[in-house]
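Residues in the sequence shown are numbered consecutively from 1, following the UniProt record's numbering.
Written out below as structure tokens is the structure these notes cover.
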Amino acid sequence: MSFDLIVKGGTLPDGTVADIGIRGETIAAIEPRIDAEAGRIVDATGNLVSQPFVDPHFHMDATLSYGLPRINASGTLLEGIALWGELKPLLTHEAVKERALAYCDWAVSMGLLAIRTHVDTCDDRLLAVEALLEVKKEIAPYIDLQLVAFPQDGLYRAPNARENTIRALDMGVDIVGGIPHFERTMEDGRRSVTELCEIAATRGLMVDLHCDETDDPLSRHIEQLAYETQRLGLAGRVAGSHLTSMHSMDNYYVSKLLPLIAEAGVSAIPNPLINIMLQGRHDTYPKRRGMTRVPEMLKYGIRVGWGQDCVLDPWYSLGTADMLDVAFMGLHVAQMSSPADMRACFDMVTRVNAEIMGLDHLGLAVGKTASLVVLDAGNPIEAVRLRPDRLCVVAKGKVVAEREKRDTALSIRGRPATINRRHIVPPQAG
């Protein structure tokens, strides 16, 4: 018996030490020890081997455009939307595609091998839709890319947005998106949720709505989204992204809302880096920090995954395509500090995000697609703490990125020659 690739001696997220044998694009064996020939062997001894990172919420049509045509001076969501409106007429097919492909290179280097991106459908040219459909095809050998038809200026508020969204779906965009809280009235927002869910049900598609990304506690479109999910039988196919208004809602209403979301089978995608940057901008103190109620959602059994949202664009001036940055920030803002919570944050940017996106082929199990990442860390909690180097990234059976392990040399009398900041936590503490 032989393999194309064997990843030897790695520590899996559950603490198991195992060899992983790969044939073609598939994991063929996971065993304590594999003694067989292989086209290549990757030594992962002492390092964490995980399924790849997954980002369920991104804006690839805007990524790496920071500073074009100007910088978001106020740092607010609304100025970012206005700035994107200034940039859209200046976009070219080639520039959108070039920036998207450059970002995908970053993603591969960080072990991020599945991305769901919202693409603006309010530009009558649908230029970004065409560019990202091409990108999706080109990166298919190493990244799973899902596209969401996103009427960013409002399904009803923007001229031709509804027609353009239908056109984008007809062109092959995968998922129905929307932004109900940006419609002109609450009623228009409610109607948009209903119509968008009906479009998805008719076409057999998934739904992912920017939902209640506001400090306004009366923005409650997630309630309508949960209702339509149940009415139309869309359970497991619907996500509400952001949901930041929930941080301003009174506790009694939330005690009613969370069971509705759980019963409907709607997933939640908070985006901690961007949510805490954009929200609460009108507050003095006390100051809201703009993230939905993640620990409470988890207690109700709601499926919650962390999203990246933006990198170097009109809304966010930072970012590196590192989903562990996202998990690290989410852990802090949600105060998820117990060992179980910290492990859950790692799980949210790997396994849970894959589930939200319906990517059943991903995972560290025999028969799954051979996509994985080797990290310079000993376990998931250490990975979140260190946001370490990705020593090797395997996408669909092929090594697509790798780097040498980098310890830091010290020149201090009586101290170790090198350090790497890894740390063994006593078992009773972990």
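C-beta atoms are modelled at their ideal positions from N, C-alpha and C, and glycine is treated no differently.
Distance between beta carbons of residue j and residue i, contact taken as under 8 angstroms
i, j, result
"Q152", "D120", "4 angstroms"
"L234", "C197", "6 angstroms"
"S248", "P217", "4 angstroms"
"P272", "H242", "Not quite, the Cβ-Cβ distance comes to about 10 angstroms (not below 8 angstroms), so this is no contact."
"A370", "V399", "About 10 angstroms; that fails the 8 angstroms criterion."
"M206", "L258", "Going by Cβ atoms, the distance from M206 to L258 rounds to 22 angstroms, so no, they are not a contact pair."
"L48", "G378", "6 angstroms"
"E404", "C392", "That belief does not hold up - the Cβ atoms of E404 and C392 are roughly 10 angstroms apart, past 8 angstroms."
"H221", "V193", "6 angstroms"
"W315", "G80", "4 angstroms"
"A100", "L132", "6 angstroms"
"A354", "A107", "With 8 angstroms as the limit, A354 and A107 do not qualify as a contact, their Cβ atoms being about 15 angstroms apart."
"V311", "T63", "5 angstroms"
Counterpart residues of residue i in DSSP-defined beta bridges
i, result
"T369", "T26"
"A18", "G10"
"G178", "L209"
"G240", "L209, A268"
"E31", "D19"
"V42", "V7"
"L48", "T11, L375"
"K398", "A395"
"S2", "E37"
"A149", "V119, V176"
"F53", "L112"
"D144", "A114"
"V304", "A268"
"I412", "Answer is none; I412 lacks a bridge partner."
"T63", "Bridge partners of T63: none, in fact."
"D347", "Looking at the DSSP assignment, D347 forms no beta bridge with any residue, so it has no partner."
"T418", "A409"
"D309", "F58"
Exposure of residue i, with buried meaning 16 or more beta-carbon neighbours within 10 Å
i, result
"I419", "exposed"
"T181", "The question names Thr, yet the displayed sequence has His at residue 181. H181 comes out buried."
"G67", "exposed"
"L410", "exposed"
"I139", "buried"
"N251", "exposed"
"K136", "buried"
"P388", "buried"
"N72", "buried"
"S74", "exposed"
"T214", "buried"
"A365", "exposed"
"D14", "exposed"
"K97", "buried"
"T350", "buried"
"D105", "exposed"
"A158", "buried"
Proximity winner among the options, relative to residue i (alpha-carbon distances)
i, options, result
"M357", "A409, R191, D208, M297", "D208"
"A239", "M323, L232, A340, V304", "V304"
"P52", "G397, G414, E296", "G397"
"L155", "V135, L362, E195, H118", "E195"
"M1", "V393, A262, A29, E25", "A29"
"V129", "L169, N160, L112, S109", "L169"
"V148", "R184, A370, I41, D61", "D61"
"D43", "V373, R343, V384, I381", "V373"
"residue 437", "I302, R289, Q230", "This structure gives no information on residue 437, because the portion of the chain shown stretches from 1 to 430."
"L331", "L83, R293, E187, A114", "R293"
"R385", "I302, T26, H423, R125", "H423"
"A321", "A102, M110, I6, G280", "M110"
"A262", "N275, G280, A226, I276", "A226"
"A383", "C392, R403, L324", "L324"
"D4", "V108, A200, R40, I412", "R40"
"G178", "I199, F150, T76, P159", "F150"
"I143", "A102, V176, K405, C122", "A102"
"I302", "M171, V266, D407", "V266"
"R125", "T92, D105, A327", "T92"
"I27", "K368, V108, L132", "K368"
"C345", "L359, D313, G307, G363", "G307"
"residue 438", "L90, T244, D360, L132", "Absent from the model: residue 438. The displayed extent of the chain is 1 to 430, so no value can be given."
"residue 438", "E25, P69, G46, E31", "Here the chain covers residues 1 to 430 and nothing more, so residue 438 does not appear."
"V173", "I199, M186, P159", "I199"
"R228", "R190, S255, D123, R99", "Note that residue 228 is Glu in the sequence shown here, rather than Arg. Here the closest residue by C-alpha is R190."
"D309", "H118, Q230, E223, A201", "H118"
"A201", "E223, I175, R99, E183", "I175"
"L232", "S338, E163, A264", "A264"
"L318", "S65, E25, R406", "S65"
"L375", "T16, R390, I381, L362", "R390"
"Y300", "M291, S338, L260, G24", "L260"
Cβ-heavy atom distance, residue i to the ligand GTP, below 7 angstroms
i, result
"L155", "Among the ligands in the structure shown, none appear at all, so the ligand GTP cannot be discussed."
Spell out a yes or no on whether the region 56 to 65 and the region 9 to 29 are touching, meaning 3 or more CB-CB pairs, one atom from each, closer than 8 angstroms.
No, because fewer than three Cβ pairs between the region 56 to 65 and the region 9 to 29 fall closer than 8 angstroms, the two stretches do not touch.
If contact is defined by three or more beta carbon pairs under 8 angstroms, each pair taking one atom from either stretch, is the region 277 to 289 in contact with the region 36 to 55?
Output reads no: the region 277 to 289 does not touch the region 36 to 55.
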